[in-house]
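Written below as structure tokens is the structure these notes are about.
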Amino acid sequence: MDFSKFKTSDWLMVGGGGAMFIAGFLPWVTVSAGGFSSSGNAFEFFFTGTLPCADCPGIDETLRLDADGGFELTDVYRERPDSTNVVHGKWLAQAGGTRIQLQPDNKRDVVRVFAIDGGDTLLALGMDGVRIESPFDLSLKRSSE
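So in the numbering used here, spot 56 of the sequence shown is number 40, and the numbers just go up one at a time.
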């Protein structure tokens, strides 16, 4: 076949058809990165859990990690629904991919560090990256949202 006779519109059709073909297989593709693996939407990871709170029954926390390195962390203080806090920023893999650091866009927000505990769990660490000794559950579990 003589490809030199292809016009731009021909190449767009071939490329578009190829993209549609590949996109049709994306739900079955498994992507692994930084200890996490994802089937389906490989562009976001969600983690949820309830962390301890000194003056309330707990903090319901939802963390979304985006493939572009962005994150959104939402904290809802139980029995204080008006005390919801949302933080945006960038996340970085550290320590050979064994933990992540959340670097907020707003410098008034606290830098957070999590250990990657298996492919589906993040464990809250101290700001220095050291495990916190606590009788409470400090983990966030992978969820669909």
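Glycine included, each C-beta is placed from N, C-alpha and C at the ideal position. All figures in this text were calculated on a predicted structure; none of them were measured in a lab.
(request) Identify whether Ser123 lies in helix, strand or coil by the three-state DSSP scheme. (result) strand
(message) Is the separation between the beta-carbon of Lys125 and that of Thr32 shorter than 9 Å?
(response) yes
(message) Alpha carbons only, please: which of Glu63, Asp66 and Asp93 is nearest the one belonging to Gly73?
(response) Asp93
(message) Assuming Pro88 and Val95 are in contact, meaning their beta carbons sit under 8 Å apart, how far apart are those beta carbons, in whole angstroms?
(response) 7 Å
(message) For Leu49, which residues in the same chain have their Cβ closer than 6 Å to its Cβ, ignoring the five residues on either side in sequence?
(response) Phe29, Phe55 and Trp75
(request) Compute the distance between the beta-carbons of Asn90 and Val60, then report whether it is under 9 Å. (result) no
(message) Within 10 Å of its beta-carbon, does Ile84 have 16 or more other beta-carbons around it, so buried, or fewer, so exposed?
(response) buried
(message) Between Ser127, Ser128 and Ser123, which has its C-alpha nearest Thr34's C-alpha?
(response) Ser123
(request) In the DSSP assignment, find the beta strand (DSSP E) that holds Thr46 and state where it starts and stops. (result) Ile43 to Asp50
(message) Give me the residue from Arg62, Ala51 and Thr58 with the minimum Cα distance to Pro36.
(response) Arg62
(request) Mark Glu138 as exposed unless 16 or more other C-beta atoms lie within 10 angstroms of its C-beta, in which case mark it buried. (result) In the structure as shown, the chain begins at -15 and stops at 129. Residue 138 is therefore absent and cannot be evaluated.
(request) Flag Val95 as yes when its Cβ comes closer than 8 Å to any non-hydrogen atom of the ligand NAD, and as no otherwise. (result) Among the components of this structure there are no ligands whatsoever, and the ligand NAD is therefore not found.
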